[in-house]
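As they're listed, the protein sequences go chains A and B.
All residue numbers for the first sequence refer to our numbering, where the first residue is 3 and numbers rise by one.
All residue numbers for the second sequence refer to our numbering, where the first residue is 7 and numbers rise by one.
Using N, Cα and C, we set each Cβ at its ideal position, and we do this for glycine too.
On a predicted model such as this, the values are computed, not experimentally measured, just so you know.
Let me begin by presenting the structure, written as C-alpha cells, before commenting on it.
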Amino acid sequence: MFSELQLGSSLILISFFAITIVIVDALFQKNKTVGFSYALFGFILTAVASAINLYQAPSLIIPLNSENLITKGMIVFGGYSSFFDILFCMGAILTMFASREYLKREYHEYTEFYSLLIFSVSGMMFIGHANNMLMIFVGIELMSIPFYILAGFIRTNFKSIEASLKYFLLGSFATGFLLYGIAMIYGATGSLGFTEISKSIASGINSTTILVIGIGLIIVGLSFKVAAFPFHQWAPDVYHGSPTIVTGFMSTAGKAAAILAFMIIARNLMPEKIVSGKFNFDTHTLQNIIAWISAGTMLVGNITALVQKNVKRMLAYSSVAHAGYLLMGIVANSQLGWQGITFYATAYLFMQIGAFVIVGLIERGEENNLNIEDYAGLSKSHPMLAAMMAMFMLSLAGIPPMAGFFGKYYLFAAAIKSGFTWLTIVAVIATIISMYFYISLIIQMYFKDRTEKELEIKTGLGLISLIICTIGVLLFGVFPSLLLDLTRQCFQLLG
Amino acid sequence: MSLTFIFFTVLAILAIASAIVTITARNPVISALSLVFHFFMLAGLYLTLNAQFIAAIQILVYAGAIMVLVIFVIMLLNLGDEEKLKEKFNLRKVIAVLLASVLIIQFFLIYLLTRSGKIEIAENTAKLSTVQSIGQVLFSEYLLPFEAIGLLLLAAIIGAIVLAKRKLT
Numbered sequence: 003m004f005s006e007l008q009l010g011s012s013l014i015l016i017s018f019f020a021i022t023i024v025i026v027d028a029l030f031q032k033n034k035t036v037g038f039s040y041a042l043f044g045f046i047l048t049a050v051a052s053a054i055n056l057y058q059a060p061s062l063i064i065p066l067n068s069e070n071l072i073t074k075g076m077i078v079f080g081g082y083s084s085f086f087d088i089l090f091c092m093g094a095i096l097t098m099f100a101s102r103e104y105l106k107r108e109y110h111e112y113t114e115f116y117s118l119l120i121f122s123v124s125g126m127m128f129i130g131h132a133n134n135m136l137m138i139f140v141g142i143e144l145m146s147i148p149f150y151i152l153a154g155f156i157r158t159n160f161k162s163i164e165a166s167l168k169y170f171l172l173g174s175f176a177t178g179f180l181l182y183g184i185a186m187i188y189g190a191t192g193s194l195g196f197t198e199i200s201k202s203i204a205s206g207i208n209s210t211t212i213l214v215i216g217i218g219l220i221i222v223g224l225s226f227k228v229a230a231f232p233f234h235q236w237a238p239d240v241y242h243g244s245p246t247i248v249t250g251f252m253s254t255a256g257k258a259a260a261i262l263a264f265m266i267i268a269r270n271l272m273p274e275k276i277v278s279g280k281f282n283f284d285t286h287t288l289q290n291i292i293a294w295i296s297a298g299t300m301l302v303g304n305i306t307a308l309v310q311k312n313v314k315r316m317l318a319y320s321s322v323a324h325a326g327y328l329l330m331g332i333v334a335n336s337q338l339g340w341q342g343i344t345f346y347a348t349a350y351l352f353m354q355i356g357a358f359v360i361v362g363l364i365e366r367g368e369e370n371n372l373n374i375e376d377y378a379g380l381s382k383s384h385p386m387l388a389a390m391m392a393m394f395m396l397s398l399a400g401i402p403p404m405a406g407f408f409g410k411y412y413l414f415a416a417a418i419k420s421g422f423t424w425l426t427i428v429a430v431i432a433t434i435i436s437m438y439f440y441i442s443l444i445i446q447m448y449f450k451d452r453t454e455k456e457l458e459i460k461t462g463l464g465l466i467s468l469i470i471c472t473i474g475v476l477l478f479g480v481f482p483s484l485l486l487d488l489t490r491q492c493f494q495l496l497g
Numbered sequence: 007m008s009l010t011f012i013f014f015t016v017l018a019i020l021a022i023a024s025a026i027v028t029i030t031a032r033n034p035v036i037s038a039l040s041l042v043f044h045f046f047m048l049a050g051l052y053l054t055l056n057a058q059f060i061a062a063i064q065i066l067v068y069a070g071a072i073m074v075l076v077i078f079v080i081m082l083l084n085l086g087d088e089e090k091l092k093e094k095f096n097l098r099k100v101i102a103v104l105l106a107s108v109l110i111i112q113f114f115l116i117y118l119l120t121r122s123g124k125i126e127i128a129e130n131t132a133k134l135s136t137v138q139s140i141g142q143v144l145f146s147e148y149l150l151p152f153e154a155i156g157l158l159l160l161a162a163i164i165g166a167i168v169l170a171k172r173k174l175t
C-alpha cells in the first residue's frame, strides 16, 4: 500500500536539514544568506513532502502491523499529522522571512537562529506523528529546548535573558510533571502506546488511583505547555521578553504543537466506547476539568489583556486566551471538536504571526515603540501596514469575513454539540471582552493623529510573510470549506 | 568467605564512612566531594547485585551530572564562611529525620516480608536490569525515540554554544 519511508519522508527530511545546517553554517560563516536560504529550502522541501503525503493519504494511518515496520508503531502517518507538518513548516517559513530584517536591525543575525528554528519544528513534527507517550515526550522536549534558547537570543537585552531563564526553569518543572504522569499511566495500563492505553482504559483497569494521579499530573504538565489557566503566569513575561519574531513563532506554531499533544493524549484517555461493569475512569470528569481550565483561561487571558498598554504584552495575554478557545475542541472530544482545533490553529497561525511581524517592524531597540500610542496615525504614514494590522486584529477578535470567525464558530459549535453550552456562553462573553482591546488598536491607527515624528519602516522580506498571512486570513475566511473538507478527512482512520 | 562478600564489606564500610563525612564536614566542598565518593561506592554495591545498568546510570547521573551542579553552586555562592552554615533547630531537620525514618521502616518491612515469603521477587528482575536487555529494547522497539533524543542533544549543544559564545560584532 504505502511505503513507510515515503510516509515518513517529512520527518526524515526535517531531521536531515536539522543536522546538515550545522555543517553548512560552519562552511559559510561569512555569508549569512547561505544559511538562510538553506534553512528556507529545507522548510519548503519538507512542506512539499508533507503535502504529497497528505494528498496520497488524507486519512490517518495507524500502523497495525507494527512488527514489520522500522518505527515499530511509534508514529502514525498521513491525516492530521501530515496536515500539522505543513502548518508548522508554514509558521517557520513566515517567521524566517520576517526574521531576516529584524535580526539585522538588532545586530544579532547569527545563523544558529535558523538551525534552532529547524530543530524546534522537527520536535513539533514528532509530536504530530506520535503514537506513543515516549514519542510525545521527546517531541515536546525537542520543541521546547530550542524555544528556551530562542527566547534569550538577544543576549544583550536584559528582558530577553530573563524570559529565557524563566521559561527554562518553569518549563523544566512542567516537564517533570509530565514525565511523572506518563510513568504513572504506564504503571496503570502497562503500556506507553496510545492504542494499547486507550484499549485498556476502555476495558477497565484495576489500579484506577494510579491512573487518576497520572492523568492529573499529565494535565498539569500539558496545561503549562499550552499556557492554560492557572499555569499561564509564565506566558506574558516570556512572550513579552523574547525577541518579537520568536514570540510570534512560539505563540502560534509552538502553541499549536502543545495543543496537538494535549489533543492526542486526551483523545486516547477518553475512548468513546467504554465497557461498563468494572470500575472505569469517568471520562466526563476529565472533560469537565478541561472545560473549567478552558473557561478560566479565556476569561483570565482576555480580562488581563484589557488593561495592558503595551501591544506586545497585550498580544501575549490574548494568546493565553486563544489557548482557552483551542481547549474547547478537546473538551468536545468529538471529531467536530478536533476539526475545529485544526481549523482554528491554522487561522490563528496566520493572524498572530502577521500581527507580531508588524509589531516587530514598528518596534525599535529595547522596549521602544511598543505602546499602543505609538500606533497612532499609522494609517496615514503606512496605509498598507495599518490595513493589514486591522485585518489581523479583526480576525483575532472573530469578525465574520476573517478566518478567525470561522475557527471560533466551529469550536463553539462542537462544544454545544457535546453538551457544553455553559462553556460556549463563557467563550462568547470572553470574545466580547476581547473586542475592546483589539478594536482600540484599530481606533488608534485610524482615528488618532501622531504627535511625534514619522516612523521609518523598512519591511524587507517581512513583506512576503505579511502578504502570505493576509491571504491566509482572507482566503480561509471567505472560503472556509477549502480547509474544512480537508480537516474532516484528516481525522478519519485508515487501518 | 566469597569474593562478593569481601567486596560488599569493603564497599559498604566505605559508603557509610563517606556518608558520615558528608554530613559532618564543616567545609561544603569536602562534604560534596565525599558525597561523590559515596555515590561511587553505591554504584559498586549495585554491581555486586548484578545490576550493571543501574550502576552505570548511578555514576553518570548522580556522580556526574548532579554532583557537578552541586559543586558549581557551592563555588558560585562562595560559601567559605562556616558561621553562616550553622543552623539551629529548624523545620528542615525535622522533615529530614522523618523522611529518613520512613526509609528505614520501609527497608525493615521489605526485609521481613521477603524473609517470611509474603512477597516474592519477580523472576526477570535480575535479567531486566542488565545493559544487554536494555540495549536490545533500546535499539529495536524504541529506536525512533532514541534517534529523536540524538536530535535533542544536538539542539542542546547548539543552544549552549549560542548562549555562551562571545559577543560578535
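If you compare the alpha carbons of A/S5, A/I217, A/T433, A/S101 with that of A/L465, the shortest gap goes to A/S101.
Judged by DSSP secondary structure, A/Y241 falls within the alpha helix (DSSP H) whose first and last residues are 236-243. With a cutoff of 8 Å on beta-carbon distance, A/S83 and A/G10 are scored as not near each other. Residues of the region 49-72 of chain B with a C-beta atom less than 8 Å from some C-beta of chain A do not occur. Among the residues facing chain A, B/L150 is included, as its CB has a counterpart in that chain under 8 Å away. Between the region 110-126 of chain A and the region 37-47 of chain A there are three or more C-beta pairs closer than 8 Å, enough to call the two in contact. The Cβ atoms of A/M127 and A/S253 lie no closer than 8 Å to each other. With respect to A/Q341, A/L477 sits apart: the two C-beta atoms are not nearer than 8 Å. A/D451 is classed as exposed because its beta carbon has fewer than 16 other beta carbons within 10 Å across all chains shown. Looking at the backbone, the Cα of A/L413 and that of B/I125 are separated by about 52 Å. Assignment of beta-bridge partners to A/G195 by DSSP yields A/N134.
By the Cβ test, the region 345-352 of chain A is in contact with the region 85-97 of chain A, since at least three Cβ pairs between them sit closer than 8 Å. Assignment of A/L62 by DSSP, reduced to helix, strand and coil, places it in the strand class. Counted as a single uninterrupted DSSP element, the stretch harbouring B/R32 is not any alpha helix (DSSP H), since DSSP gives it neither H nor E. Residues of chain B whose Cβ lies closer than 8 Å to the Cβ of A/S117 are, in chain order, I164.
Taken through DSSP and simplified to helix, strand or coil, B/L169 comes out as helix. Minimum Cα-Cα distance from A/G206 among the listed residues A/V333, A/P273, A/T426, A/V140 corresponds to A/P273.
Within its own chain, the residues whose Cβ lies closer than 8 Å to the Cβ of A/S320, once the five positions on either side in sequence are excluded, are G303, N304, A307, L398, S436, F439, Y440, listed in chain order. Look at B/I155: its C-beta is under 8 Å from a C-beta on chain A. Closest in alpha carbon position to A/L262, among A/L288, A/M145, A/S166, is A/M145. Close to B/A21, with beta-carbon spacing below 8 Å, lies no residue of chain A; the smallest spacing is near 28 Å.
Contact note: B/E147 reaches chain A through K74, using a C-beta cutoff of 7 Å and chain order. The shortest C-alpha to C-alpha distance from A/F155 to any of A/T426, A/E114, A/G192, A/K314 is the one to A/E114. For A/P482, the enclosing alpha helix (DSSP H) covers residues 482-492. Taking a C-beta distance under 8 Å as the contact criterion, A/P238 and A/A318 qualify as a contact pair. Closest by C-alpha distance to B/M73, out of B/N56, B/A62, B/S37, B/N96, is B/S37. Against A/L136, the close residues of chain B are Y148, P151, in the order they occur along the chain (beta-carbon pairs closer than 8 Å).
The closest CA to that of A/E458, considering only A/Y448, A/E365, A/S483, A/F18, is found on A/E365. For A/F79, the beta-bridge partners assigned by DSSP are A/I63. Within 10 angstroms of the beta-carbon of A/F449 lie fewer than 16 other beta-carbons, which makes it exposed. For A/V24, the nearest CB of chain B lies under 8 Å from its own CB, placing it at the interface with that chain.
Under the Cβ distance rule, A/P148 counts among the residues neighbouring chain B, one pair being separated by less than 8 Å. Taking each of A/K32, A/M98, A/K74, A/L62 in turn and checking the Cα distance to A/S39, the smallest one comes out for A/M98.
Chain-ordered, the chain A residues with CB closer than 8 Å to the CB of B/L160 read A20, I21, V24, F121. The beta-carbon of A/L9 is placed no less than 8 Å from the nearest beta-carbon of chain B. In the DSSP assignment, A/N373 falls outside any alpha helix (DSSP H), carrying neither H nor E.
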